[in-house]
Amino acid sequence: MRLDVVTIFPDLFAALDVSLLGKARTSGLLDVHVHDLRDATHDRHRTVDDTPYGGGAGMVMKPEPWGEVLDGLLADGDDPLVVFPTPAGTPFDQAAAKRLAGERRLVFCCGRYEGIDQRVVEDTASRARVAEISLGDFVLNGGEVAVLAIVEAVGRLLPGVIGNPESLTEESHEDGLLEYPSYTKPAVWRGREVPPVLRSGDHGAVARWRREQSLERTRRVRPDLLPPG
Ligand code: ADE
């Protein structure tokens, strides 16, 4: 999968050099290109923002540098999905991560300040597939950290990135429920015992216990995930 990231903070994406995603890049499963938006400015101060029409606090990202960068990235006609992370987007979840993992190329546009001039989204949508995606009901200072989270969620779903693909089917949100709690050795730690059923060797009983724990946890912390009734 090819990823292009447009940002005014390219250094933040050093995080993609380490761990599983770093390995995925070295092995060629992930081809990441980070672009500095300021390289598409043409004034001495490399200006990327301006005051908002209509007034109000904060600054808005100017459309011209975005237009120039996206013209370049969309020129080769390989039909990428262009993602604008924004708290005003559709919520990101595991189903969205799976959809993105099915793309051949993603272009991420990281806004800062009060966001990007909306005409950039409209202009891009007139010639490419566009998704405005929110990580949740909270506000980050910019799209960069959201992109890191999205890339991690998507990257680990790509075939070959995770050594044991079975670990992907046994985790939170895979069956619509939160994951059951996990334990490892020692059997007793600071007086706390691992639930005996997990040490019983009875695979059926273990599976039933885990299912009950998943349900109980989901009911307790995320009842909104359960079907009504
Ligand atoms: N940019 C700023 N806040 C964000 C959020 N909650 N999700 C995605 N992108 C963002």
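For the sequence shown, position 167 (counting from the first letter as 1) is numbered 167 according to UniProt numbering, and the numbering increases by one without interruption.
Think of the CB as a built atom: it goes at the ideal place given N, C-alpha and C, for glycine as much as any other residue.
None of these values were measured; they are calculated from a predicted model.
Chain D beta carbons: is any one of them nearer than 8 Å to that of residue i?
i, result
"E144", "Protein chains in the displayed structure number just one, and chain D is not present."
Write down the C-beta distance between residue i and residue j rounded to the nearest angstrom, noting that I regard them as a contact closer than 8 Å.
i, j, result
"L20", "V151", "That pair is no contact at about 11 Å."
"A128", "V82", "5 Å"
"A149", "L135", "6 Å"
"V161", "A24", "5 Å"
"R210", "Y180", "4 Å"
"D123", "G54", "The pair is not a contact, with the Cβ atoms about 20 Å apart (cut-off 8 Å)."
"A153", "P85", "Actually they do not touch by this definition, with Cβ atoms about 12 Å apart."
"residue 233", "T90", "Residue 233 is absent from the model: the chain starts at 1 and stops at 229."
"L168", "L178", "Contact doesn't hold; Cβ gap of about 16 Å is too wide."
"H35", "D76", "About 14 Å; that fails the 8 Å criterion."
"L73", "V107", "5 Å"
"D71", "R105", "About 16 Å; that fails the 8 Å criterion."
Within a Cβ cutoff of 7 Å, which residues of the same chain sit near residue i, ignoring the five residues on either side of it in sequence?
i, result
"D49", "M59, V60, M61, K62, Y113"
"A97", "A153, V154, L157"
"R222", "L178"
"P10", "V34, D36"
"D117", "V60, M61, K62, P63"
"L226", "T218, R219"
Classify residue i: buried if its beta carbon has 16 or more other beta carbons within 10 angstroms, exposed otherwise.
i, result
"V139", "exposed"
"T218", "buried"
"E144", "buried"
"G115", "buried"
"T7", "buried"
"A57", "exposed"
"P80", "buried"
"G142", "buried"
"G111", "buried"
"D202", "exposed"
"residue 233", "Nothing about residue 233 can be reported from this structure: the residues present for the chain run from 1 to 229 only."
"G155", "buried"
"D43", "exposed"
Apart from the five residues on each side of it in sequence, which residues of its chain come closer than 6 Å, Cβ to Cβ, to residue i?
i, result
"D31", "R2"
"L12", "E144"
"V120", "P63, W66"
"A40", "P65, E68, V69"
"P87", "S134, V139"
"V194", "Y183, A187"
"E171", "E179"
Could you pull out every residue in the same chain whose Cβ sits closer than 8 Å to the Cβ of residue i, ignoring the five residues on either side in sequence?
i, result
"G22", "L16"
"R93", "In the sequence as displayed, the identity of residue 93 is Asp instead of Arg. Here the set comprises H173."
"V206", "V197, L198, S200"
"S214", "D175, L177, L178, E179, Y180"
"S27", "G160"
"R46", "R38"
"E103", "M1, P80, L81"
Quick one: complete beta strand (DSSP E) runs, 3+ long, within the region 8-93? 31-36, 81-91
Complete runs of the alpha helix (DSSP H) confined to the region 116-153 [at least 4 residues]: 118-125
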